[in-house]
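Participant: For what it's worth, the UniProt record's numbering labels the leading residue of the sequence shown as 1, then goes sequentially.
C-beta atoms are modelled at their ideal positions from N, C-alpha and C, and glycine is treated no differently.
Sharing a structure with you now.
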Amino acid sequence: MSELPMPELPRTNEGKRICQIIRVKPEALKEYKEVHSAVWPEILAALRRAHVVDYSIHYFEPHSLLIAHMRYIGQDFEGDMAKIAEDENTKRWWKVI
Numbered sequence: 001m002s003e004l005p006m007p008e009l010p011r012t013n014e015g016k017r018i019c020q021i022i023r024v025k026p027e028a029l030k031e032y033k034e035v036h037s038a039v040w041p042e043i044l045a046a047l048r049r050a051h052v053v054d055y056s057i058h059y060f061e062p063h064s065l066l067i068a069h070m071r072y073i074g075q076d077f078e079g080d081m082a083k084i085a086e087d088e089n090t091k092r093w094w095k096v097i
């Protein structure tokens, strides 16, 4: 049986992959999930403007950890993160969460 040639696949990992690990209090998990079930469109837009894509957050129950993964495709990570921190909608979001 002959092997089929492997197709040329597009690069899907361009950019910098970033992982954050955050401990969440078990008693706050329900509220956290409720808030994050409907992330404000303004927050998603701020992330896109800051060149953050493929953002996901997973819960690791045994240790009550939130594991966030994102891909940064910009050129100035510190500057883009500062822009997120200065964004008025993001400031409001952080007060909610």
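Please state whether DSSP places residue 68 in a helix, a strand or coil.
Facilitator: Start at 1 with the first residue of the sequence shown, and residue 68 comes out as number 68. In the structure shown, residue 68 sits in a strand (DSSP, three-state: E or B).
Participant: Could you give the residue range of the alpha helix (DSSP H) that holds residue 84?
Facilitator: The residue you call residue 84 lines up with position 84 of the sequence shown. Here the alpha helix (DSSP H) through residue 84 covers 77-86.
Participant: Excluding the 5 residues flanking residue 50 on each side, which residues of the same chain have their C-beta closer than 6 Å to its C-beta?
Facilitator: Residue mapping note: residue 50 aligns to position 50 of the sequence shown, counting from 1. If we look at residue 50 and ignore the five residues flanking it on each side, its Cβ neighbours are 80, 83 and 84.
Participant: Determine the extent of the alpha helix (DSSP H) in which residue 43 is found, giving its start and end residues.
Facilitator: What you label residue 43 is simply residue 43 of the sequence shown in a count that begins at 1. Here the alpha helix (DSSP H) through residue 43 covers 41-49.
Participant: Residue 1 by DSSP, collapsed to three states: which one?
Facilitator: Taking the first residue of the sequence shown as position 1, residue 1 is located at position 1. Note that residue 1 has pLDDT 48, beneath the 50 cutoff, so the model's placement of it is unreliable and the number below is only indicative. Correct three-state label for residue 1: coil.
Participant: So residue 58 is in the beta strand (DSSP E); what residue range does that whole segment cover?
Facilitator: Sequence index remark: in the sequence shown, residue 58 carries index 58 (1-based). 52-60 is the extent of the beta strand (DSSP E) around residue 58.
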